[in-house]
């Protein structure tokens with residue numbers, strides 16, 4: 091059932107909330123995570139990310155969130171996956187659009203809603219705040235060689 095406004099003769103859509111997240115790895119192949127300083131998932135680790143603003147592309151939102159939360163500028167985004175998640179905290183559905191980045195520059199520092207930002211070995215990840223971030227990381231690992239090839243070809 092969709093809501094319908096009889097007066098305006100149009101449907102009223104209740105859409106998922108769009109969010110973007112980024113996967114950044116360093117030269118050692120470690121993955122960037124943040125320790126959250128607010129709910130949901132306070133004090134747990136997560137990929138940097140957040141909600142997409144009006145007139146902002148998902149890739150730009152992922153890039154902005156990484157810069158706000160980690161202090162680094164990321165380059166050459168590649169789509170990793172789109173994950174649907176129900177959120178009791180936000181009272182609805184969320185679409186998480188995940189990107190990996192070929193490179194970054196700047197000095198890593200925690201900011202915004204990140205208490206800490208650091209790189210972790212993929213073999214020794216801490217407990218993640220969101221199951222969807224674990225799924226995004228697994229999807230990235232499954233596509234890692236393909237994504238590296240695309241970056242090197244400049245596509």
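In the working numbering, the protein residues as written are 91 to 245. All C-beta atoms in this analysis are idealised placements derived from N, C-alpha and C, irrespective of residue type, glycine included.
- At a cut-off of 3 residues, the continuous stretches assigned as beta strand (DSSP E) that sit fully inside the region 93-129 are 93-95, 100-102, 107-113, 121-126.
- For residue 162, there is no enclosing alpha helix (DSSP H), as DSSP marks it with neither H nor E.
- Excluding the 5 residues flanking it on each side, residue 128 has same chain C-beta neighbours closer than 7 Å at 203, in chain order.
- Residue state for residue 218 is assigned as strand, using DSSP reduced to three classes.
- Where residue 209 is concerned, the enclosing beta strand (DSSP E) starts and stops at 204-210.
- Pairwise C-beta distances place the region 181-190 out of contact with the region 207-216, as fewer than three of them are shorter than 8 Å.
- With respect to residue 160, residue 122 sits close: the two C-beta atoms are nearer than 8 Å.
- By a beta-carbon distance limit of 8 Å, residue 232 does not contact residue 189. Their separation comes to about 15 Å.
- Excluding its 5 nearest sequence neighbours in each direction, residue 157 has C-beta neighbours in its own chain below 7 Å: 163, listed in chain order.
- Residue 229 and residue 216 have their C-alpha atoms roughly 18 Å apart.
- In the structure shown, residue 151 falls within a helical segment according to DSSP collapsed to helix, strand and coil.
- Of the residues assessed, residue 91 falls on the exposed side of the cut-off, its CB having fewer than 16 other CB atoms within 10 angstroms.
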